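**Q** First to last, the sequence lines map onto chains A and L. Everything in the first sequence is counted per full-length UniProt numbering, starting at 1 for the first residue and increasing by one. Everything in the second sequence is counted per full-length UniProt numbering, starting at 1 for the first residue and increasing by one. Here's a structure for you.
2 protein chains.
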Amino acid sequence: MQDAKPRRKQAERRAETRRALLGAARKLIVAKGYAETGTPEIVKDADVTRGALYHHFSDKADLMRALVHQEAAAVASEINADTSTDQSPLDAFMAGAKAYFSAMSAPGRARILLLEGPAVLGLGEMAEIDRETGGATLLEGLRHAAAQGAIGDIPLEPLADLLSSAFDRAALAIANGGDSEAYEQATKKLLAGILKA
Amino acid sequence: MQDAKPRRKQAERRAETRRALLGAARKLIVAKGYAETGTPEIVKDADVTRGALYHHFSDKADLMRALVHQEAAAVASEINADTSTDQSPLDAFMAGAKAYFSAMSAPGRARILLLEGPAVLGLGEMAEIDRETGGATLLEGLRHAAAQGAIGDIPLEPLADLLSSAFDRAALAIANGGDSEAYEQATKKLLAGILKA
DNA sequence: AATTAACATACAGGCTGCATGTATGCAAGA
DNA sequence: TCTTGCATACATGCAGCCTGTATGTTAATT
Chain A
1 MQDAKPRRKQ AERRAETRRA LLGAARKLIV AKGYAETGTP EIVKDADVTR GALYHHFSDK
61 ADLMRALVHQ EAAAVASEIN ADTSTDQSPL DAFMAGAKAY FSAMSAPGRA RILLLEGPAV
121 LGLGEMAEID RETGGATLLE GLRHAAAQGA IGDIPLEPLA DLLSSAFDRA ALAIANGGDS
181 EAYEQATKKL LAGILKA
Chain L
1 MQDAKPRRKQ AERRAETRRA LLGAARKLIV AKGYAETGTP EIVKDADVTR GALYHHFSDK
61 ADLMRALVHQ EAAAVASEIN ADTSTDQSPL DAFMAGAKAY FSAMSAPGRA RILLLEGPAV
121 LGLGEMAEID RETGGATLLE GLRHAAAQGA IGDIPLEPLA DLLSSAFDRA ALAIANGGDS
181 EAYEQATKKL LAGILKA
């Protein structure tokens with residue numbers, strides 16, 4: 001009974017507008033891509049004006065940035081949800097990979113985070129967002145495995161980088177209707193090979 | 001002595017204009033990115049008019065397409081140049097990877113083929129260009145290794161896909177000043193792991 | 001000479017970002 | 001409580017740029 005209908009607070013109104021903009025932007029950008037989606041179309045779908053958009057976001061790319069943050073946070077949240085503990089290193093990595101693939105299968109998410117996002121914001125900013133949001137989970141896993149001697153004595157950052165890229169590719173393929181079973185096998189092959197020697 | 005000079009005039013002029021356009025586009029797109037480079041700027045740098053550009057290319061993306069084709073062809077050519085024969089599978093793969101990294105280190109090439117190209121043309125068309133140009137060298141290598149029992153019984157296309165993505169990431173990192181030694185080590189680790197069991 | 005290729009020029013439409021206008025919520029004093 | 005002043009949350013209009021196309025012009029080819 002806190003807020004009746006006549007009295008609509010500013011914060012509430014603001015949040016609602018923002019949600020409408022992000023929702024419309026997500027829908028259109030997922031369907032047609034960032035460059036092909038104009039701000040007039042976005043605000044029309046969100047049922048606000050361009051003035052509202054530029055009041056909330058500094059420019060069109062800033063709206064995309066907010067969208068990317070939102071999706072990245074969702075991924076992090078979903079992955080942290082099913083964090084299973086103490087297994088073999090390979091099983092742990094595979095569990096993480098599957099959780100990532102699953103989170104990335106949300107409709108449109110792979111396109112936002114793996115295609116349009118990097119194109120608009122650049123790889124550098126995307127990496128930074130990953131760092132803030134998901135953190136370097138993969139690298140930590142590698143460090144843990146390496147500490148137990150499960151990996152040879154090689155620099156881990158590049159290896160984590162390459163693996164991360166491969167995971168992204170697999171997630172994109174699966175999200176686009178690829179054979180998830182086959183891609184999971186290939187992922188396991190990569191991971192098993194690393195952890196063996 | 002087939003064609004004297006009078007007969008070659010038009011074609012020569014045409015080729016010159018096209019070269020100028022591609023050169024200017026390459027320079028500007030490498031420096032500032034595709035979206036931030038307008039056609040007025042390109043034709044100004046190439047010292048022609050926008051009419052010439054739209055006479056040669058159907059639209060701005062088509063110019064980008066030609067640029068991508070040009071770079072992809074250059075990569076294929078450089079890689080085929082140093083094709084060394086019969087070595088161990090791992091050495092063969094590593095030789096190919098190093099040749100790829102080297103070819104991708106040409107200034108601006110990684111940005112064109114790995115960042116702007118996919119953003120403008122989409123992953124599908126980029127894959128098609130790769131297929132036409134470089135061919136599925138990596139996949140063939142895997143098939144060869146698999147035929148000798150060097151890889152387990154798993155689908156090879158996804159594996160080649162993931163490896164290709166990892167190679168691209170390594171090439172991009174190296175081209176951007178990353179530690180090539182470290183990335184080559186990581187690449188070798190990935191490959192060795194796969195070829196072992 | 002006629003045709004056609006290779007451009008050059010001009011124009012229409014759309015989009016982005018900003019500058020300015022307006023209404024509503026909010027906070028504080030009388 | 002009321003109202004007065006200010007900030008917030010938008011709405012509207014405009015200027016500049018960019019893309020793609022249509023039309024005009026020059027020079028080579030036939």
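The beta-carbon is built from N, C-alpha and C at its ideal position, and this holds for glycine as well. None of the values given here were measured: they were computed from a predicted structure.
Could you check whether the segment 45-55 of chain A touches the segment 133-153 of chain A, counting it as contact only if at least three pairs of C-beta atoms, one from each stretch, sit closer than 8 Å?
**A** In short, these stretches do not touch, since the Cβ pair count stays below three.
**Q** Looking at Ala72(L) and Ile29(L), is the spacing between their C-beta atoms short of 8 Å?
**A** No, these two residues do not count as a Cβ contact at 8 Å.
**Q** Residues of chain L with CB closer than 8 Å to the CB of Pro158(A), please, in chain order.
**A** Simply Ala170, Ala173, Gly178, Asp179, Ala182, Tyr183, Gln185, Ala186.
**Q** By Cβ distance below 7 Å, which residues in the same chain neighbour Thr39(A) in space, the five residues on each side in sequence not counted?
**A** Within the same chain, Thr39(A) has close Cβ partners Arg50, Leu53, Lys60.
**Q** Counting Cβ pairs, one atom from each stretch, are 3 or more of them under 8 Å apart for the segment 141-150 of chain A and the segment 137-150 of chain L?
**A** No: the two stretches stay apart, fewer than three of their Cβ pairs being nearer than 8 Å.
**Q** I need the boundaries of the alpha helix (DSSP H) containing Val43(L), first residue and last residue.
**A** Run containing Val43(L): 39-46, per the alpha helix (DSSP H) assignment.
**Q** Beta carbon of Glu186(L), beta carbon of Leu159(A): below 8 Å?
**A** In the sequence on display, residue 186(L) carries Ala and not Glu. Contact: yes.
**Q** For Glu181(A), does the three-state DSSP call read helix, strand or coil?
**A** Looking at Glu181(A) - three-state DSSP - the assignment turns out to be helix.
**Q** Buried or exposed for Glu116(A), please, with buried defined as at least 16 other CB atoms from any protein chain shown within 10 angstroms of its CB.
**A** Per the 10 Å Cβ criterion, buried.
**Q** Cutting at 7 Å between CB atoms, please list the residues of its own chain near Leu156(A), excluding the five before and the five after it.
**A** Within the same chain, Leu156(A) has close Cβ partners Leu139, Leu142, Arg143, Ala146.
**Q** DSSP on Pro107(A), reduced to helix/strand/coil?
**A** If DSSP states are grouped into helix, strand and coil, Pro107(A) belongs with coil.
**Q** Between Glu36(A), Ala66(A), Ala171(A), which lies nearest to Ala99(A) when the distance is taken from Cα to Cα?
**A** With distances taken between Cα atoms, Ala99(A) lies closest to Ala171(A).
**Q** Whose CA, out of Met126(A), His56(A), Arg19(A), lies closest to the CA of Asp168(A)?
**A** For the residues Met126(A), His56(A), Arg19(A), the minimum Cα distance to Asp168(A) belongs to Met126(A).
**Q** Going by beta carbon distance, what residues of the same chain come within less than 6 Å of Asp3(A), once the five residues before and after it are set aside?
**A** Residue confidence for Asp3(A) is low, a pLDDT of 32 falling below 50, so the modelled location carries little weight; the figure read from the coordinates is stated next. None.
**Q** By the criterion of Cβ-Cβ separation under 8 Å, what are the contact partners of Pro155(L) in chain A?
**A** The answer, in chain order, is Asp179, Ala182, Gln185, Ala186.
**Q** By the criterion of Cβ-Cβ separation under 7 Å, what are the contact partners of Asp161(A) in chain L?
**A** In chain order: Arg169, Ala173.
**Q** CB-CB under 6 Å to Arg18(A), same chain, minus the five flanking residues each way: which ones, in chain order?
**A** Within the same chain, Arg18(A) has close Cβ partners His56.
**Q** If contact means a Cβ-Cβ distance below 8 Å, which residues of the UniProt domain "HTH tetR-type" (15-75) of chain L contact chain A?
**A** Hits within the stretch, in order: Ala35.
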